[in-house]
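Converting from the sequence shown to the numbering used here requires adding 2 to each position, the first position being numbered 1.
Every residue gets a Cβ at the ideal spot worked out from N, C-alpha and C, and that includes glycine.
This one's a predicted model, so the numbers in the text were calculated from it and none came from an experiment.
See structure below.
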Amino acid sequence: MSLAAAGVAVSPLDFCLSLLEPRGNDDAEPSTGPLLFVCGGPRVGTTLVCQTLVRHLPVSHFTNLTSLFPAAPLTATRLFARFLSEPVSEYRSFYGRTTRLSGLNDALYLWDRWLGADRLDASPTLEPSAANEMRRFFAAWRELTGRPLAAKCNRLNAAAHLVAEALPEATFICVEREPAWHAQSLLQARKMINGAVDSPYGLTSPAAADGDDPVAGVVEQVKFHAQLAATQEDRIGRERFWRVSYEDFCREPALLVKRAAETLWEGPEHPEIDREIQPHRAANRRTLDAETFAKIEELLSADQSPTN
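Rendered as structure tokens:
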């Protein structure tokens, strides 16, 4: 049974459990504890980064189980999480989706509550009431799990500054990929997920959504997300918004794991980290025809050329 079908099957139970869902304490500013959010454009490796953090650090995370209970993720986790297997026994996903109930989940249904249902909105808003609800949710999550949270949400590439203000203990890891490989992967995603290269995949800009030239469109999308990352870095600051190269991460994932640990724990609470964290093989090889890939490189090079 697919997760979508399972979600429909358990929806009556989800409603019942929602009546038991914690609403947070009465503190004006409830403590969430340290939070770590992985974000970035589509097809940059955010799932792999988050899986690595969850595998090597004693953090909590959102699972496919919670996605079955969108109205009661806290109660479902309290009741059923003990029966789940280890979340990451192997690094495998399909366009960000994992299969097992213990697998990582983006929990987009949660972010829809706070940022709105339009997941492709490049200028989302966060109302004060939603910000308050969000703080109370993450405080309740920390109280339930007793661990810092590591979670992935690509929507935060456009909304991190809003979340950073509402959650002062949050740090963001923005993953970025070498532009040519990123553009190639976006073009493939258009075919695989949307069934047509003229239909954009994921958050993009109006210029990138032009279907007349799909190759130019994905190049514009790559540039759009690079600009989003730069804007978020300016707004939040480098201390809390880390721009991380996918390729560098694959070569030495231990560096990011250690940096994350130093941010999530202090002093004697700092966990022991695996001495050897194996590198990942970056998914950077040409799969498009030579002419199309050359056009990607040409468009990227033209954008970098100095103007007279």
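- If you check the CB distance, Cys52 and Arg157 do not come in under 9 Å.
- Residue range 243-247 is occupied by the beta strand (DSSP E) that includes Trp244.
- Where Ala152 is concerned, the enclosing beta strand (DSSP E) starts and stops at 151-154.
- The continuous stretches of alpha helix (DSSP H) do not include Glu254, and DSSP gives it neither H nor E.
- Inclusion of Tyr93 and His282 in the CB contact set at 9 Å is warranted, their separation being smaller than that value.
- The residue among Arg57, Ala142, Thr77, His184 with its C-alpha nearest the C-alpha of Ser247 is His184.
- Taking a 10 Å sphere around the C-beta of Phe17, we find fewer than 16 other C-beta atoms and assign the residue as exposed.
- Beta-carbon to beta-carbon, Thr289 and Gln190 are separated by about 7 Å, close enough to satisfy the 8 Å threshold.
- Around the beta carbon of Ala153, 16 or more other beta carbons sit within 10 angstroms, so the residue counts as buried.
- DSSP places Thr289 in no alpha helix (DSSP H); its state is neither H nor E.
- For Gly42, the enclosing beta strand (DSSP E) stretches over residues 37-42.
- Note that the C-beta distance between Ala256 and Asp236 is not below 9 Å.
- In its chain, beyond the 5 residues on either side, Leu59, His272, Pro273, Ile275 have a beta carbon closer than 8 Å to the beta carbon of Ala263.
- Taking the C-beta atoms as reference points, Val61 is found nearer than 9 Å to Pro150.
- The three-state secondary structure of Phe174, taken from DSSP, is strand.
- Between the beta-carbon of Cys176 and that of Trp113 there is about 16 Å, and that puts the pair past the 8 Å contact cut.
- The straight-line gap separating the alpha-carbon atoms of Ala160 and Phe82 is approximately 33 Å.
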